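Asks: Please read through the structure below; I'll follow up with questions.
Chains as they are written, first to last, in the UniProt record's numbering: chain A, 1 to 411; chain B, 1 to 411.
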């Protein structure tokens, strides 16, 4: 007998038939005696339909009014799911973000949750009802409707679980859990039973698009056990939780993330004087271009090569900016490469284990793969390589760290 | 410089193009210096789409959850209209029924407005904004979303006008006013400049479907000047208002209403004893059949013929009921006719003028039209005739009462 907050995304509620399937699933959990709070997204396609309506009036609609329009998508789903549950004899009641008092700031379109009043939900649960809450939305201090931005329904789920001190926040999606790496690249990729919040954050930010990053941060901050499961298949999914105490039995790394969305730019022969990094990255940031990895090496001749990566879509724009400021920097030249890929090993286990990075480099060298950039954090090592070697590198690392074996024990 | 509440119905906001046309219209009024509160319906077709979604789950969805779903239709329109106004440089802000605090009872699907908090709207108006309110919806004391039932947006408009003491509530629709009769039947039918609330109520209940009856009642009760105008053409429309003082200049009748939705049933040879009307109409009413006109005549032989009309769809069902109780009533037989029509003349002028009914009967007799039933109220005379004479009767009466002439003066 537990209290679960379950979130079902747009694909899981994409049609009346799928909403009925969710209702069946929820009924099953209810019959096991669990208390349930269900968070739903808009039916898939609906949010885009609403955006198109508004955009056909103007390219720059007021963000406040966009939120008024967009929030209707989830509102339709909550009503339909409540009806589908009641049809099955399961008492249910739906609430919009405003009704259940999910208070946010007034940053329309990307609002942040500040407070949730749990009284109404607790009362419904006590009276035996399943509570259904519209994801992705809230209300500001003026009573205006706000939305949390794309993927915000995950955040709604986690925030509700935190407010209600739920036993678990379960995110139902179209994958059955978090994998050691992408199964389309490595066929021995294995579903992880558990992963830590920190690892999940690194995996998510590196391109494993299972969960919205904000929801993982939120879950970590409030220590809400988070589980990713499939809406369409049975199975335990992956539990995302705090780091365990017994690190001895932790695998060194949990997974391999990668992406091919980035491009690399280098300013060669920059005078190695204070403030040069700012002089290079200032204009880039002013153009609203996000920078990911940054590497700087000092050469013998008092000059340095400054390399960083940006999203591949921003490659040409960034190159233009750098070429414009090259002369005033006193730099020799600008070079770039948009045929790169980033591969990362992630795992809290590497904190207590030396030699993880060198094992990674050895595995890549063994396959003849040249490393162009290296960046490390406490629980991750990332390298940039030529894009053509991406699959080869991921498979080599997956095998080198024995990720296809269950319960890999630290060496 | 006035305060107008303007209501635009589903056809007027049926597409993004039409919403932009409404925005143009509103901008024009704003430029004349008027304060404006705009009430909108769902885009035409949207409410039916939402009903279909819910009905595909169950034929009897919870009324509370239906209201959660249905209210999204208007919510999309208010956001789109606000965006269209802001695009034109007209400051605007949208509100759902709940946000602007349109308090209703909890009769989901047919809720009644109890209170409106006008503070927020007044503040926006004072700050120079056009206020846009979702029609058809409100919120009950528990914070649950309610809807007022079909046509409820008219009621929202009138209620807002009453709360704000607006100079006029203007209902924009696809007709350009209230006519002396249906222009498709009488080509000299004339748009009325003015009509009283009472006359409008009689016209509306008799089948002139320009305004929802409840909104007219509401306007009469709170003395809100109500104007019906066309969304698509310019023109003054028809003002619905309190009876004027100078009845000398009132035309005797204002219009001719008719409908062919009814059927007539007669129980012949009923013993003329107390309680017989109840014995006949009790079982009919128990079957949820609404009765309109009722006529009873006493015959010489201590029996009576009891005649009444019902909606044509209920004809067979009613006949079955009557045949079942015929014997226990001691009645001779049951007869019925569903090829009838009801024609009514309506006008407050007839209060102070004798001979209106006889003039009506003379005009019908002149055309050889037999009158099957007669029913009168203070400002209306209705007759039932054979359906085939309907158009002939309406034209004859329109001409007899000189409705095609402007400002007909009492004889």
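In this text, a Cβ means the ideal position worked out from N, Cα and C, and glycines have one as well.
Keep in mind that this is a model prediction, so the values were computed, not measured.
1. Starting from the C-beta of residue 202(A), find all residues in its chain whose C-beta is less than 8 Å away, skip the five residues before and the five after it, and write them out in chain order.
2. Which of the three DSSP states is assigned to residue 76(B) in this structure?
3. For residue 309(B), list the residues DSSP reports as bridge partners.
4. So, are the CB atoms of residue 146(A) and residue 154(A) less than 9 Å apart?
5. Who are the near neighbours of residue 163(B) in its chain, counting only those whose CB is closer than 7 Å to its CB and skipping five residues on each side?
6. Would you check if the segment 263-280 of chain B and the segment 306-313 of chain B touch, i.e. whether three or more CB-CB distances between them fall below 8 Å?
7. Short of 7 Å in beta carbon distance, which residues of its chain neighbour residue 109(A), apart from the five on each side in sequence? Order them along the chain.
8. Give the range of the alpha helix (DSSP H) segment to which residue 396(A) is assigned.
9. Within 10 angstroms of the Cβ of residue 124(B), are there 16 or more other Cβ atoms? Answer buried if so, exposed if not.
10. Going by C-alpha distance, which of 186(B), 37(B) and 137(B) is nearest residue 165(B)?
11. Using a Cβ-Cβ cut-off of less than 9 Å, give me the residues of the segment 49-68 of chain B that come near chain A, in sequence order.
12. Please report the Cβ distance between residue 229(B) and residue 220(B), rounded to the nearest whole angstrom; I am assuming they are in contact, meaning their Cβ atoms lie under 8 Å.
13. If you follow the beta strand (DSSP E) that residue 302(B) is in, where does it begin and where does it stop?
14. Considering residue 49(B), what are the terminal residues of the alpha helix (DSSP H) in which it resides?
15. Quick check on residue 437(B): does DSSP put it in helix, strand or coil?
16. What is the DSSP secondary structure of residue 115(A), counted as helix, strand or coil?
17. In chain B, what lies closer than 9 Å to residue 238(A) by C-beta?
18. Just to make sure I have the definition right: I need the residues of chain A whose C-beta is within less than 7 Å of the C-beta of residue 24(B). Which are they?
19. Just to confirm, are residue 278(A) and residue 172(A) a CB contact at a threshold of 9 Å?
20. Residues of chain A with a CB under 7 Å from the CB of residue 80(B): which are they?
21. Along the chain, where does the alpha helix (DSSP H) containing residue 375(B) start, and where does it finish?
22. If you reduce the DSSP assignment to three classes, tell me which class residue 336(B) lands in.
23. Taking Cβ positions only, does residue 87(B) come closer than 9 Å to chain A?
24. Bridge partners of residue 412(B), per DSSP?
25. Find out if the Cβ-Cβ distance for the pair residue 398(B), residue 181(B) is shorter than 9 Å.
26. Rounded to the nearest angstrom, how far is the Cβ of residue 26(A) from that of residue 130(A), given a contact under 8 Å?
27. Please state the DSSP three-state secondary structure of residue 350(A).
28. Name the DSSP beta bridge partners of residue 137(A), please?
29. Under 9 Å between C-beta atoms, does residue 93(B) make it to chain A?
30. Report yes or no: is there a C-beta of chain B within less than 9 Å of the C-beta of residue 143(A)?
31. Residue range of the beta strand (DSSP E) that residue 255(A) falls in?
32. Using a Cβ-Cβ cut-off of 7 Å (strictly less than) and excluding sequence neighbours within five positions of residue 321(A), which residues of its own chain qualify?
33. Measure the alpha-carbon distance for residue 169(A) versus residue 15(A) and round it to whole angstroms.
34. Mapping DSSP to helix, strand and coil, what is residue 91(B)?
35. Give the secondary structure of residue 98(B) by DSSP, where H, G and I count as helix, E and B as strand, and everything else as coil.
36. By how many angstroms is the C-alpha of residue 111(B) removed from the C-alpha of residue 217(B)?
Replies: By the coordinates alone:
1. 257, 344, 346, 377, 379 and 380, listed in sequence order.
2. Assigned with DSSP and collapsed to three states, residue 76(B) falls in helix.
3. 264(B).
4. Remark: C-beta atoms of residue 146(A) and residue 154(A) do not approach each other more closely than 9 Å.
5. Counting only Cβ-Cβ distances below 7 Å, and skipping sequence neighbours, we find 116 and 118.
6. The segment 306-313 of chain B, when compared against the segment 263-280 of chain B, does touch it at the 8 Å Cβ threshold.
7. Excluding residues within five positions, the ones whose Cβ falls inside 7 Å are 63, 66, 67, 147 and 149.
8. Run containing residue 396(A): 390-400, per the alpha helix (DSSP H) assignment.
9. Under this definition residue 124(B) is a buried residue.
10. The shortest Cα separation from residue 165(B) among 186(B), 37(B) and 137(B) belongs to 37(B).
11. Look at the segment 49-68 of chain B: the residues with a C-beta under 9 Å from a C-beta of chain A are 50, 53, 54, 56, 57, 58, 60, 61, 62, 64, 65, 66, 67 and 68.
12. Contact doesn't hold; Cβ gap of about 19 Å is too wide.
13. If you look at residue 302(B), you'll find it isn't in any beta strand (DSSP E); DSSP assigns it neither H nor E.
14. In the DSSP assignment, residue 49(B) falls within the unbroken alpha helix (DSSP H) covering 46-55.
15. With chain B covering only 1 through 411, there is no way to say anything about residue 437(B).
16. Three-state DSSP puts residue 115(A) in a strand.
17. The contacting residues do not exist; residue 238(A) stays about 32 Å from chain B at best.
18. Simply none; closest approach about 12 Å.
19. No, Cβ-Cβ distance for residue 278(A) and residue 172(A) is not below 9 Å.
20. In chain order: 53, 54, 57 and 69.
21. From DSSP, residue 375(B) is part of no alpha helix (DSSP H) but of the beta strand (DSSP E) over 373-377.
22. Three-state DSSP puts residue 336(B) in a strand.
23. It does: the Cβ of residue 87(B) has a partner Cβ on chain A nearer than 9 Å.
24. The structure shown does not extend to residue 412(B), since chain B is modelled only from 1 to 411, so the question has no answer here.
25. Taking C-beta atoms as the reference points, residue 398(B) and residue 181(B) count as a pair closer than 9 Å.
26. About 6 Å separates the two Cβ atoms, so the contact holds.
27. Of the three classes helix, strand and coil, the one that applies to residue 350(A) here is helix, per DSSP.
28. Residue 137(A) is bridged to 147(A).
29. Yes, residue 93(B) lies at the interface with chain A (some Cβ there is under 9 Å from its Cβ).
30. Closer than 9 Å to the CB of residue 143(A) there is at least one CB belonging to chain B.
31. From DSSP, the beta strand (DSSP E) with residue 255(A) extends over 255-259.
32. Answer for residue 321(A): 283, 284 and 287, listed in chain order.
33. C-alpha separation (whole angstroms): 24 Å.
34. In the structure shown, residue 91(B) falls within a coil segment according to DSSP collapsed to helix, strand and coil.
35. If DSSP states are grouped into helix, strand and coil, residue 98(B) belongs with coil.
36. Straight through space, the alpha carbons of residue 111(B) and residue 217(B) are spaced by roughly 15 Å.
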